[in-house]
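If you read the protein sequences in the order shown, they are chains A and F. For the first sequence, the numbering used here gives the first residue as 1, with consecutive numbering after it. For the second sequence, the numbering used here gives the first residue as 1001, with consecutive numbering after it. Where is the CB? At the ideal position from N, CA and C, for every residue including glycine. For reference, the structure discussed in these notes is given below.
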Amino acid sequence: EAQVTQNPRYLITVTGKKLTVTCSQNMNHEYMSWYRQDPGLGLRQIYYSMNVEVTDKGDVPEGYKVSRKEKRNFPLILESPSPNQTSLYFCASSPRGTRFSYNEQFFGPGTRLTVL
Amino acid sequence: GQQLNQSPQSMFIQEGEDVSMNCTSSSIFNTWLWYKQDPGEGPVLLIALYKAGELTSNGRLTAQFGITRKDSFLNISASIPSDVGIYFCAGRENSGGSNYKLTFGKGTLLTVNP
Chain A
1 EAQVTQNPRY LITVTGKKLT VTCSQNMNHE YMSWYRQDPG LGLRQIYYSM
51 NVEVTDKGDV PEGYKVSRKE KRNFPLILES PSPNQTSLYF CASSPRGTRF
101 SYNEQFFGPG TRLTVL
Chain F
1001 GQQLNQSPQS MFIQEGEDVS MNCTSSSIFN TWLWYKQDPG EGPVLLIALY
1051 KAGELTSNGR LTAQFGITRK DSFLNISASI PSDVGIYFCA GRENSGGSNY
1101 KLTFGKGTLL TVNP
């Protein structure tokens, strides 16, 4: 089944304790992205990656890191989490190719993170 | 970054009623997308629009790409309880190159009373 998976789905942690949220897609998509969703603010892009070893900042990158060593994986790293990073996080991927295919981003199920 | 103004923020309707929501942008977009997010899940694409003036339907859903390329609307006809969820518009600016970045609206929370 074609899908985007995220782990963990739920995480409660404490300020300053480094954590990684994994994202993996099995659709051979070039483009991957991380979003955070907060009440009243909608979806905001954190980082994105156009392909392996190519990453760039989105609208709210502060406090986050990413890497894209393999095409299928795009982990989100919080080196020193803070309470304002408590949020619902989504990973998404989309294929490159025709004009009509790269716009459809497939989203993962989400990771709910709480930083105490 | 670019922001989209999506309205209304929330709607409470009776089953069977029609629904309309819209998004506006200060920039010209070359793509408009509409997503639905069910509780506890990620957004799922409903309709994609690629040309100014384009009107596209998907079952009871109809969306249009505004002529000015700065707005889009989504209509849902004869709503049913499973239409409940958050609806997001998303747009891609006409910036050229291979910029895949989408900008999302803040969402419209739809509640349907049976």
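Contact criterion: CB-CB distance below 8 angstroms. Does S101 of chain A meet it with respect to chain F? With a pLDDT of 49 at S101 of chain A, under the threshold of 50, the predicted position of this residue should be treated as unreliable, though the coordinate-derived value follows. Judged by the 8 angstroms Cβ criterion, S101 of chain A is not in contact with chain F.
Given a threshold of 16 other Cβ atoms within 10 Å of its Cβ, counted over all protein chains shown, does K1051 of chain F qualify as buried or as exposed? Flag for K1051 of chain F reads exposed.
Stretch-stretch touch, CB-based, cutoff 8 angstroms, three pairs: the region 50 to 63 of chain A with the region 1022 to 1039 of chain F: no
Residue burial classification, S1020 of chain F (beta-carbon count within 10 angstroms, cutoff 16): S1020 of chain F is exposed by the Cβ-count criterion.
Any beta-carbon of chain F closer than 8 angstroms to the one on P109 of chain A? yes
Since V1112 of chain F and I1080 of chain F are thought to touch, with beta carbons under 8 angstroms apart, how far apart are those beta carbons, to the nearest angstrom? So it is a contact: roughly 7 angstroms between Cβ atoms.
Using a cut-off of 8 angstroms between C-beta atoms, extract the partners of P1039 of chain F located in chain D. Within the model displayed, chain D is absent; protein chains A and F are what it includes.
Does S24 of chain A come out as helix, strand or coil in the three-state DSSP assignment? strand
Mind checking whether D1083 of chain F and C1023 of chain F have CB atoms under 8 angstroms apart? no
Distance between K1106 of chain F and T1068 of chain F (C-alpha atoms, nearest Å): In this structure, the CA atom of T1068 of chain F is about 21 angstroms from the CA atom of K1106 of chain F.
Could you tell me the distance, in whole angstroms, from the CA atom of T86 of chain A to the CA atom of G1059 of chain F? 37 angstroms
Which class does S1082 of chain F belong to by DSSP, given the choice of helix, strand or coil? helix
Give a yes or no on whether the minimum CB-CB distance between F1029 of chain F and chain A is below 8 angstroms. No, because no Cβ of chain A sits closer than 8 angstroms to the Cβ of F1029 of chain F.
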